[in-house]
Structure formats: C-alpha cells, structure tokens
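Undergrad: Right, I'll just put the structure down here and ask away after.
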Amino acid sequence: MIGPLHAHVPRGLRRPGRAGLRAFVALVTLLLGVATATLAFAQPTGLPLPRFVTTRSNPINVRVGPGTRYGVAWVYVRPGTPVEVIQEFDTWRKVRDVDGSEGWIHQNLLSGNRAAIVAPWRASGETVPLLARGDESAPVRAHLPPGFRVELSSCDGRWCEVRATDHPESGRGRTFTGMLAQSELWGAYVNEVFD
Numbered sequence: 065m066i067g068p069l070h071a072h073v074p075r076g077l078r079r080p081g082r083a084g085l086r087a088f089v090a091l092v093t094l095l096l097g098v099a100t101a102t103l104a105f106a107q108p109t110g111l112p113l114p115r116f117v118t119t120r121s122n123p124i125n126v127r128v129g130p131g132t133r134y135g136v137a138w139v140y141v142r143p144g145t146p147v148e149v150i151q152e153f154d155t156w157r158k159v160r161d162v163d164g165s166e167g168w169i170h171q172n173l174l175s176g177n178r179a180a181i182v183a184p185w186r187a188s189g190e191t192v193p194l195l196a197r198g199d200e201s202a203p204v205r206a207h208l209p210p211g212f213r214v215e216l217s218s219c220d221g222r223w224c225e226v227r228a229t230d231h232p233e234s235g236r237g238r239t240f241t242g243m244l245a246q247s248e249l250w251g252a253y254v255n256e257v258f259d
C-alpha cells in the first residue's frame, strides 16, 4: 500500500494544515490592524506643510516629543507668537520658531491667525520701513527694528499688510498699520498670497 499522498511531495511544496492556515490568517489580521492604527495616527490634516501659525494662549509648553509624557523643552509666554508647523502626528504639531528651535505643541494651543517677525536676520540698529502702501516710494509710517512682532492681515506675494503695536514703557501702546516688504518678514513665505 502506498502512504499518504503528501509523503511524496517535497516539504516546501506541501499545503499547510489548518493550524498553519490559522496562524497565517492571524498574522495578516494583526499586520493589517497595526497598519490601520498607524495610518489613523499619522493622518495629516490635509493642510500644507510647512505652514505658519501662531500660539493661541500662554503659557504653552513646547515638548521634546508628541505627547504629554515627553519632557518640556521650553515655554512660550506670549500668545500670538509666530511658529512654523513642519510635521503633524495625531493632535500634535512639530513647530520651528524664528531661532530654528523645534518642538511639539498640541493643536488646540495653536491658531490660524498670522503674525510675523520683522527681519530677524538684520543687525541691531537697522530698521525696516513700514510704508503707507505697497510701493517703495510711499510715505513711511514707522521704522520697525529687527525682531519686532507684527500681525499679518494679508500678503500679495510682494507686500504684506500689517499691524504693528508699540508698547512703550509708559504702558500706553500705539498701533501703526501699513505695508512691509514680504521679503523682510519671518512668518510669510516668499510669493505666498493670503487674505
């Protein structure tokens, strides 16, 4: 009598038994579950990266990783500070500040409002003219120092309409509105257009 049929089939070509099939199905199910969960957490908002936003409140802990279990790298103490979102993970946003420092902030602590820092690359003592209109020959409304924070209303790719509030030591602030060359701002990309 001849033995079972599979006795004559080389080992690598035999069909797996029920136990092998169950193990294979379990492995595939596990891998699909992990892949689905990973995609759910890594799903971006659909907004462009990188993009500029501002801090919503104060204080804001900037963390070394995307979650409260990660340590605090530094703290923002002023709302309206412009930061650049460079990565997204679940509800956390990796941001870069004007100095190039990077860390993670929860999305609820960020706002879509726009602000910018005036020419942080310029030497101290140099100023940037805030003009009455987007034209280099326009009257100057104020001279803004490097590092001065302004609120952005709109940008047309060359010029940005801004609001600059000066807070003298007396506590009374003066607000100036006007146009700044977009190339003189950290907080708006070159040729970026928005209202």
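Numbering (the working numbering), first residue to last: 65 to 259. C-beta atoms are modelled at their ideal positions from N, C-alpha and C, and glycine is treated no differently.
Do the stretch 186 to 199 and the stretch 163 to 178 make contact, defined as three or more Cβ pairs closer than 8 angstroms?
TA: No: the two stretches stay apart, fewer than three of their Cβ pairs being nearer than 8 angstroms.
Undergrad: Looking at residue 181 and residue 146, is the spacing between their C-beta atoms short of 9 angstroms?
TA: Closer than 9 angstroms, so yes.
Undergrad: Closest to residue 245 by C-alpha separation, out of 128, 195, 228, 229, would be which residue?
TA: Nearest option by C-alpha distance: 195.
Undergrad: Use the C-beta contact count for residue 138: other C-beta atoms within 10 angstroms, 16 or more gives buried, fewer gives exposed.
TA: Classification of residue 138: exposed, given that the 10 Å Cβ count is below 16.
Undergrad: Taking the continuous beta strand (DSSP E) assigned at residue 246, which residues delimit it?
TA: First-last for residue 246: undefined, no H or E at that position.
Undergrad: Assign residue 216 to one of two classes, buried (16 or more other C-beta atoms within 10 Å of its C-beta) or exposed (fewer than that).
TA: Flag for residue 216 reads buried.
Undergrad: Who are the near neighbours of residue 206 in its chain, counting only those whose CB is closer than 6 angstroms to its CB and skipping five residues on each side?
TA: Cβ neighbours of residue 206 beyond the five flanking positions: 194, 240.
Undergrad: Where does the unbroken beta strand (DSSP E) through residue 151 begin, and where does it stop?
TA: First-last of the beta strand (DSSP E) with residue 151: 146 to 153.
Undergrad: Nearest to residue 114 by CA position, among 150, 135, 251, 133, is which residue?
TA: Ranking 150, 135, 251, 133 by Cα distance to residue 114 puts 150 first.
Undergrad: For residue 173, which of helix, strand or coil comes out of DSSP?
TA: Residue 173 falls in the helix class under three-state DSSP.
Undergrad: Using DSSP with H/G/I as helix, E/B as strand and the rest coil, what is residue 125?
TA: Of the three classes helix, strand and coil, the one that applies to residue 125 here is strand, per DSSP.
Undergrad: For residue 200, which residues in the same chain have their Cβ closer than 6 angstroms to its Cβ, ignoring the five residues on either side in sequence?
TA: Counting only Cβ-Cβ distances below 6 angstroms, and skipping sequence neighbours, we find nothing.
Undergrad: Determine the burial state of residue 249: buried for a count of at least 16 other Cβ atoms within 10 Å of its Cβ, exposed for fewer.
TA: Looking at its Cβ environment, which holds 16 or more other Cβ atoms inside 10 Å, residue 249 is buried.
Undergrad: Go through its chain and collect everything with a Cβ distance to residue 109's Cβ below 7 angstroms, but skip five positions before and after it.
TA: Around residue 109: 152.
Undergrad: Is the beta carbon of residue 192 closer than 9 angstroms to that of residue 209?
TA: Going by C-beta atoms, residue 209 is nearer than 9 angstroms to residue 192.
Undergrad: Taking residue 221 as the reference, which of 159, 198, 166 has the closest Cα?
TA: For residue 221, the nearest C-alpha among the options comes from 198.
Undergrad: Going by other Cβ atoms of all chains shown within 10 Å of its Cβ, with 16 needed for buried, is residue 254 buried or exposed?
TA: Exposed: under 16 other Cβ atoms inside 10 Å.
Undergrad: To test your reading of the DSSP string, which unbroken beta strand (DSSP E) runs of 3 or more residues are found completely within the stretch 154 to 233?
TA: Runs found: 156 to 160, 166 to 170, 179 to 182, 192 to 195, 204 to 208, 213 to 220, 223 to 230.
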